[in-house]
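Heads up: the structure comes next, in structure tokens.
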Amino acid sequence: MTPVLQTFGLSKQFGALTVADQIDFQLEPGARHALIGPNGAGKTTFVNLLTGRLTPSSGQVKIIGQDATQLSESERVKLGLGRTFQINSLFNKMTVMDNVSLGISERLGISKKMWRTANAFKNLQEETLEILDLLGIADDANEIVSQLPYGKQRLVEIAISLGLKPKVLLLDEPAAGVPSMESGRILKALDALPQDIAILMIEHDMDLVFQFASRITVLVQGAVLCEGTPDEIAKDKRVHQVYLGDPDE
Amino acid sequence: MNKLIGFQSNSRLRMAEFLPWILALLVFFVLPDYLSLGAQILTYILFALSLDLITGYAGVVTLGHAAFFGVGAYTCGILSAKLGITDPVVLLLCSAVVCALLGFGTGLIVLRTQKLTQLMLTLAIAALCYEIANKATPITGGADGLTGVVIGPVLGLFKFDFLNKTAYLWCLAILFVFWYVIRRLIYSPFGITLTGIKENKQRMQAIGVPVNGYLLKAYTFAAVVAGVAGALITQTNQFVGLNVIGFEPSGEILVMLILGGVGRIYGAFVGPLVYLVAQDYLAKQFPEYWNLGIGMMLLIVVLFAKGGVLGIVDKLKLYWRGKE
Numbered sequence: 742m743t744p745v746l747q748t749f750g751l752s753k754q755f756g757a758l759t760v761a762d763q764i765d766f767q768l769e770p771g772a773r774h775a776l777i778g779p780n781g782a783g784k785t786t787f788v789n790l791l792t793g794r795l796t797p798s799s800g801q802v803k804i805i806g807q808d809a810t811q812l813s814e815s816e817r818v819k820l821g822l823g824r825t826f827q828i829n830s831l832f833n834k835m836t837v838m839d840n841v842s843l844g845i846s847e848r849l850g851i852s853k854k855m856w857r858t859a860n861a862f863k864n865l866q867e868e869t870l871e872i873l874d875l876l877g878i879a880d881d882a883n884e885i886v887s888q889l890p891y892g893k894q895r896l897v898e899i900a901i902s903l904g905l906k907p908k909v910l911l912l913d914e915p916a917a918g919v920p921s922m923e924s925g926r927i928l929k930a931l932d933a934l935p936q937d938i939a940i941l942m943i944e945h946d947m948d949l950v951f952q953f954a955s956r957i958t959v960l961v962q963g964a965v966l967c968e969g970t971p972d973e974i975a976k977d978k979r980v981h982q983v984y985l986g987d988p989d990e
Numbered sequence: 261m262n263k264l265i266g267f268q269s270n271s272r273l274r275m276a277e278f279l280p281w282i283l284a285l286l287v288f289f290v291l292p293d294y295l296s297l298g299a300q301i302l303t304y305i306l307f308a309l310s311l312d313l314i315t316g317y318a319g320v321v322t323l324g325h326a327a328f329f330g331v332g333a334y335t336c337g338i339l340s341a342k343l344g345i346t347d348p349v350v351l352l353l354c355s356a357v358v359c360a361l362l363g364f365g366t367g368l369i370v371l372r373t374q375k376l377t378q379l380m381l382t383l384a385i386a387a388l389c390y391e392i393a394n395k396a397t398p399i400t401g402g403a404d405g406l407t408g409v410v411i412g413p414v415l416g417l418f419k420f421d422f423l424n425k426t427a428y429l430w431c432l433a434i435l436f437v438f439w440y441v442i443r444r445l446i447y448s449p450f451g452i453t454l455t456g457i458k459e460n461k462q463r464m465q466a467i468g469v470p471v472n473g474y475l476l477k478a479y480t481f482a483a484v485v486a487g488v489a490g491a492l493i494t495q496t497n498q499f500v501g502l503n504v505i506g507f508e509p510s511g512e513i514l515v516m517l518i519l520g521g522v523g524r525i526y527g528a529f530v531g532p533l534v535y536l537v538a539q540d541y542l543a544k545q546f547p548e549y550w551n552l553g554i555g556m557m558l559l560i561v562v563l564f565a566k567g568g569v570l571g572i573v574d575k576l577k578l579y580w581r582g583k584e
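Residue numbers (the working numbering), protein chains in the order written: chain Y, 742 to 990; chain R, 261 to 584.
Written out as structure tokens, the structure is:
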């Protein structure tokens, strides 16, 4: 099967600083893949290169086998690439329902309509509610997002990207900032995600990574250090060195 | 707080929404001496509506919206005074087309930027338009204004009279049409998408929305509406002065909108009404200091009533409901 997301020699320099260094990466259909690495390893930069927020200095990004290096952020979404943000990026004054509907409406081509009243599109409402239901926040559909507890806001963050029906979903630290009592909710929601979506999760919380991922890539100083199954990564000496420091020192 | 219009919002007309139209018709019959001021207010309401669409809903900041108002006014004036086109409908259409082109062209530049840069760019464009109007004396009349504007009867039937009865009803009819269109737009998925862009442009891009395309459509349409408003002011006054173009009227219309309430359609109705009536009154009472009165009014609104006059109305409603 062709990978749904591939990069070839993806690099990004800010002046003399290399933040992404010749990254070759691929994501299989339906994968549960995690990207880990110490602070400043360039994980979020890598995500921004994938989504098109940043343009690479060199290298190539392919989405569903198609060269997307020159495409804009919104064009990549249309190819099937969705993402969530490490720090919530929501429509704070709008309802949960509207937050999720905005993306679905664009995908269904409803957003262009200027004459018909928005509440006439019943299929939009149904699809939105389905997603809220899947993530267990249907009861909060009519709440204003800024008034929800942070944990639920994280779920809205995921719900918005699910509305895009992505084939590839990039989750940038889905549990970041969520109090530990609520992080179970997030994991439950992640387990509920459709199996056919390939997911790349960036996460600091190792418990979450090892519960969720079937493959792990370790990024250090902008370059791939190693890749493997959770077991292989857990045993890898280089990874221990990076995270815990050199035992000989 | 004024609730944002969303995908669940009911677009049915509420009773209060008939109020401005009933009031406008009442004015026509009860205050025939004020129809000149009335027509001016109606025009500025249309102008403010177009600003509300682009600023209040789509979140584009502009200090140059009168570029379109002015170009609309001058297009109408020049076509009439220099080329002898007098049909008011044709003149409105011409102003609309010219402003659509101008809105599209400047939108391509302005909408690439954000915040302060955007503000400066819009200001620069308005200033450019002002200078052109000021210097191209043979065509625009320059600082003396453009005279010789002749407007024929509306639809060949209703002549513009010196009591401004026709002008008033003509402005009212055009305002009604655009109010209806803009209201539909705001309740449509397109309108809600604009609100989304205002709320979080970055996220809109990340959910696949080609933000600039949407903004360009809205900006072009707002330019058309402002241009039509400008053409109406020319038709009412049968004269075009430099006061319709450039920074000053751009700032003025923004003040009017803030005074009424931004991002809620009817703020654009209340703002120009309060502002222009106050201006009319103050200019008669204190011919030299009327600006002071306007300034204090704005100060009070900005300091104590962030949502404008309609924001105050909202608070009073909440207060009454709390009492019951």
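Think of the CB as a built atom: it goes at the ideal place given N, C-alpha and C, for glycine as much as any other residue. Fair warning: this is a prediction, and the values are worked out from it, not measured in the lab.
- Here GLU968(Y) is bridged, per DSSP, to THR958(Y).
- Taking C-beta separations shorter than 7 Å and ignoring five residues to either side along the sequence, the partners of LYS419(R) in its chain run PRO413, THR426, following chain order.
- At least one CB atom of chain R sits nearer than 9 Å to the CB of ASN833(Y).
- With fewer than 16 other Cβ atoms inside 10 Å of its own Cβ, PRO398(R) counts as exposed.
- In summary, the residues of the region 453 to 467 of chain R whose CB is separated from some CB of chain Y by less than 8 Å are THR453, THR455, GLY456, GLU459, ASN460, GLN462, ARG463, MET464, GLN465, ALA466, ILE467, in the order they occur in the chain.
- Per DSSP, SER752(Y) is not a residue of any alpha helix (DSSP H); the beta strand (DSSP E) it occupies stretches across 746 to 755.
- Rounded to whole angstroms, the Cβ separation of LYS834(Y) and LEU264(R) is 6 Å, and the two are in contact under 8 Å.
- The closest CA to that of TYR526(R), considering only CYS354(R), VAL569(R), GLY319(R), is found on VAL569(R).
- For VAL760(Y), the uninterrupted beta strand (DSSP E) segment begins and ends at 758 to 768.
- Residue pairing from DSSP places SER799(Y) in a beta bridge opposite SER752(Y).
- Taking C-beta atoms under 8 Å as the contact rule, VAL515(R) and TYR535(R) qualify, at a distance of about 7 Å.
- Three or more beta-carbon pairs separated by less than 8 Å are not found between the region 801 to 821 of chain Y and the region 428 to 447 of chain R, which leaves the two stretches without contact.
- For MET942(Y), there is no enclosing alpha helix (DSSP H); the enclosing beta strand (DSSP E) covers residues 939 to 943.
- Excluding residues up to 5 positions away in sequence, VAL745, ILE805, GLY821, ILE938, ALA939 lie with their Cβ nearer than 7 Å to the Cβ of LYS908(Y) in the same chain.
- Taking all protein chains in view, the Cβ of GLY850(Y) is surrounded by fewer than 16 other Cβ atoms within 10 Å, so the residue is classified as exposed.
- About 25 Å separates the beta carbon of VAL897(Y) from that of ILE777(Y), a gap too long to meet the 8 Å contact definition.
- Two segments are said to touch when three or more pairs of C-beta atoms, one from each, lie closer than 8 Å; by this definition the region 390 to 410 of chain R does not touch the region 470 to 481 of chain R.
- Taken in chain order, the unbroken stretches of alpha helix (DSSP H) that lie wholly in the region 853 to 899 of chain Y and span 4 residues or more are 863 to 875.
- Per DSSP, LEU905(Y) lies in no alpha helix (DSSP H) and is assigned neither H nor E.
- Pairing LEU502(R) with GLY408(R) gives a Cβ-Cβ distance that is not under 9 Å.
- Look at GLN811(Y) here: in three-state DSSP terms it is coil, with no helix or strand label.
- Within the region 263 to 279 of chain R, LEU264, GLY266, PHE267, GLN268, SER269, ASN270, SER271 place their CB atoms closer than 7 Å to a CB of chain Y, listed in sequence order.
- In this structure, the beta-carbon distance from LEU492(R) to TRP430(R) falls below 9 Å.
- Taken through DSSP and simplified to helix, strand or coil, PHE307(R) comes out as helix.
- Per DSSP, the continuous alpha helix (DSSP H) segment holding LEU351(R) begins and ends at 348 to 370.
- Annotation: the continuous beta strand (DSSP E) that includes GLY823(Y) extends over 822 to 824.
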